[in-house]
Ligand SMILES: Nc1ncnc2c1ncn2[C@@H]1O[C@H](COP(=O)(O)OP(=O)(O)O)[C@@H](O)[C@H]1O
Ligand SMILES: [Mg+2]
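Chains as they are written, first to last, in the working numbering: chain Y, 1 to 236; chain L, 1 to 339; chain Z, 1 to 287.
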């Protein structure tokens, strides 16, 4: 069994007076892709935001590299080595592709530029539109930029929220290939509604329903469990 | 049973205060204090009207002085132009109210859909504009020099005017209390608490905000009319930012979101102002009494956002619930002990 | 012709002063969603501390330095004591910054006395150039030049440095900036202090221009600053320069041709922009 990198235990999150997460737990192990699954509105996005400290947990624990991070401010959490690709990609619309990546790059070391070069080989489109404003990119290119931005720092963990959302199938394929490539270098927590994609690249899964973890296990388990798929994902 | 008990307790308190205020001018026989009290009543009316916006609806307006000014000028100009009779006085109040109602309706409709920052800024600008108009339109307003005018003869007696203003205060208080306790008032509070949600429940929040702004404008105009008569003089300072700031200070320090708060606030501020400017003869620093208020005000916004009245009410209810907890606790203990 | 030029120079000079005040306002608003009603206090405090130093040391440059220092120190205190405690609550923010404005204004009277203080243009900037019919007052040109230099420097910083990039990114999406590992609070404090220093410089430059300083000038100029921020588009640095020039020119021309409307025209302009184009005249809607 591989070493645990991120661990959520009984996470509760309130937004305003709403109790959104009511007991999330799962574990991401080094080198694996952990997929969060669940219906729309189940709380997947909020789970990622809570990890990032954007909607801080009101109780429960989040350990990353054996350190409690749930009380830290967002920027410190990012600096402990977590990259975040939000659901809406969070591109700085008036900055160019280059500037978007530059903002993200914390230390302009040769190692960081090497990572930048690497990520540009994964997404050659970005190189092509290097000086184009982020807001003028296509949906797929925005997704790639967001992923590149999260990757240029030496992140030990990437949180990626529904990268295939709203993209044409052919673009989805490209994005998924890039994730498979990134997986070689980093651990990933992925929110993915597209079960076919999720089952292809996920090692483990966590099923979230109504703000709670209802099941977590190896992906193979879920692939063969039609009843569970039907109950929580409405498929199979 | 408990609440009705409570309410009647408050009623008794109000009655005592009212009786005191009625007896006051006869007992005290102090011209200065009678005038000071009259001033307090007028500013209580103004501050209550401001609280309808700030405390009940959650709107920060920096232009409230314009309605006060409209009332003051309406009364001053009409009393100056026609015979200074009670009839003209009442008519002038009505004119001020109609004008203010119209202006506040128009301004509200145009500006209340803006976010709070922009609204505050725009009201600041609009009232600034009206101030400029008042200053330049010298044929009517006599600008910054202002003009004196004759008040109705019956108000020559300060005590009569005192009672007239007191009556206005009581009536306005009762009307506004009805207003804030009505379903409409509850809606305003809902807007304050969460405008988004109120809107998503299907209420046209803009309408309610406009209504609040008209009510506030109309009442402020009444206060302005009374103010002009109390001075028998009017100049552009009735439209100045300072008037809005006074209302703001009184409301914040007294307690937003209650009607008693602004009254308490105006008592505190007017008295403090009176005595501090008295002290200023010996200690010039007190000429800048506004600094003290400013600092208290800032501290209040940060630490006691509910003001004097709100904080007292909170402390009371906390104390009460503790008290009740203890009672329940004692009861339960009794139970435990009984076989 | 000569009249036209002198009105333009007048308008540009006033516009630059407003720009110095509005630049900080607009960035602070864009970055943190805070509309600082006490920004005018920095302007007037910059003017008074700068002028006092100028009178004592007889050096205008030292006066400007002191004004900048005052601006940064006051900006630091303001951000820590006044803005941070009510961060995120608009109503409280508006109330508290206005209250602080009042305190700053009255403190001027306590510290420096309630009377207006006359200020002279330093010798080397006094006087004027005559070109045929046209008389050009040197100090006005000085203000315009300083204004453009400040704009140029900050424009360069915003577009060509890392911190500038971060500030611009923060205006667009501050959550994301934090998620990229940047402590936005530090950035905000930095921007706040810089904006405060700019306002203080504006006040100091204003002093010899208008010939005297008085406590209320902070609020008066702040209102012009708000107008500029609205017209230029909240958060837009370049927009605020354009808007400031527009407001300055409008003021100067109106003051000459229709004095009655000189203040009104800018307010009306702001009202129209707010009501019909809240994102500002010079700014595309966000994204
Ligand atoms: N800012 C918010 N305020 C109130 N409720 C929210 C907010 N953000 C999300 N929610 C609610 O939280 C629940 C989970 O949302 P989310 O995490 O986005 O779900 P998912 O990503 O699984 O589709 C939803 O019911 C949503 O309505
Ligand atoms: Mg989601």
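Note that CB positions come from ideal geometry on N, CA and C, so glycine has one too.
Nearest-angstrom Cα separation, counted from residue j out to residue i
{"i": "residue 221/Y", "j": "residue 160/Y", "result": "23 Å"}
{"i": "residue 275/L", "j": "residue 292/L", "result": "13 Å"}
{"i": "residue 209/Y", "j": "residue 165/Y", "result": "19 Å"}
{"i": "residue 320/L", "j": "residue 312/L", "result": "12 Å"}
{"i": "residue 65/Z", "j": "residue 93/L", "result": "55 Å"}
{"i": "residue 151/Z", "j": "residue 158/Z", "result": "10 Å"}
{"i": "residue 288/Z", "j": "residue 231/Z", "result": "Look at the range of chain Z in this structure, 1 to 287, and you will see that residue 288/Z is not part of it."}
{"i": "residue 324/L", "j": "residue 315/L", "result": "14 Å"}
{"i": "residue 224/Y", "j": "residue 5/Y", "result": "27 Å"}
{"i": "residue 208/L", "j": "residue 192/L", "result": "11 Å"}
{"i": "residue 18/Z", "j": "residue 141/Z", "result": "15 Å"}
{"i": "residue 204/Y", "j": "residue 188/Z", "result": "41 Å"}
{"i": "residue 258/Z", "j": "residue 202/Z", "result": "27 Å"}
{"i": "residue 232/Y", "j": "residue 197/Y", "result": "17 Å"}
{"i": "residue 32/L", "j": "residue 223/Z", "result": "38 Å"}
Neighbour flag for residue i against chain Z, beta carbons, 8 Å
{"i": "residue 279/L", "result": "no"}
{"i": "residue 131/Y", "result": "no"}
{"i": "residue 199/L", "result": "no"}
{"i": "residue 301/L", "result": "yes"}
{"i": "residue 106/Y", "result": "yes"}
{"i": "residue 223/L", "result": "no"}
{"i": "residue 245/L", "result": "yes"}
{"i": "residue 124/Y", "result": "no"}
{"i": "residue 58/L", "result": "yes"}
{"i": "residue 189/L", "result": "no"}
{"i": "residue 189/Y", "result": "no"}
{"i": "residue 297/L", "result": "yes"}
{"i": "residue 32/Y", "result": "no"}
{"i": "residue 54/Y", "result": "yes"}
{"i": "residue 240/L", "result": "no"}
Backbone secondary structure at residue i - three-state DSSP
{"i": "residue 68/Y", "result": "strand"}
{"i": "residue 98/Z", "result": "helix"}
{"i": "residue 189/Z", "result": "helix"}
{"i": "residue 34/Y", "result": "strand"}
{"i": "residue 221/Y", "result": "helix"}
{"i": "residue 1/Z", "result": "coil"}
{"i": "residue 162/Z", "result": "helix"}
{"i": "residue 105/Y", "result": "coil"}
{"i": "residue 279/Z", "result": "coil"}
{"i": "residue 133/Y", "result": "strand"}
{"i": "residue 14/Z", "result": "helix"}
{"i": "residue 235/Y", "result": "coil"}
{"i": "residue 276/L", "result": "helix"}
{"i": "residue 212/Z", "result": "strand"}
{"i": "residue 144/L", "result": "coil"}
Sequence-distant residues of the same chain with beta carbon closer than 8 Å to residue i, five excluded per side
{"i": "residue 79/Y", "result": "106"}
Chain Y within 8 Å of residue i, Cβ atoms only
{"i": "residue 92/Z", "result": "no"}
{"i": "residue 183/Z", "result": "yes"}
{"i": "residue 27/Z", "result": "no"}
{"i": "residue 279/Z", "result": "no"}
Residues near residue i in its chain [Cβ-Cβ closer than 6 Å; skip 5 each side]
{"i": "residue 110/Y", "result": "none"}
{"i": "residue 18/Y", "result": "none"}
{"i": "residue 98/Z", "result": "37"}
{"i": "residue 253/Z", "result": "7"}
{"i": "residue 228/L", "result": "72, 75, 76, 234"}
is_contact[residue i, chain L] using C-beta, thresh 8 Å
{"i": "residue 80/Z", "result": "no"}
{"i": "residue 86/Z", "result": "yes"}
Contact set for residue i: own chain, Cβ-Cβ below 7 Å, skip 5 residues either direction
{"i": "residue 285/Z", "result": "Per-residue confidence for residue 285/Z stands at a pLDDT of 38, beneath the threshold of 50, marking its modelled position as unreliable; the derived number appears in the next sentence. So the qualifying residues of the chain are 279."}
{"i": "residue 210/L", "result": "105, 108, 109, 112"}
{"i": "residue 339/L", "result": "With a pLDDT of only 41 at residue 339/L, under the threshold of 50, the placement of this residue in the model should not be trusted; the figure read from the coordinates follows. Nothing listed; no residue qualifies."}
{"i": "residue 61/Y", "result": "9, 68, 70"}
{"i": "residue 300/Y", "result": "An answer regarding residue 300/Y cannot be provided, because it is not within the stretch 1 to 236 covered by chain Y."}
{"i": "residue 116/Z", "result": "212, 213, 214"}
Considering only heavy atoms of ligand 2 and the C-beta of each residue, which residues fall inside 7 Å, strictly closer? 44/Y, 45/Y, 87/Y, 161/Y, 162/Y, 191/Y
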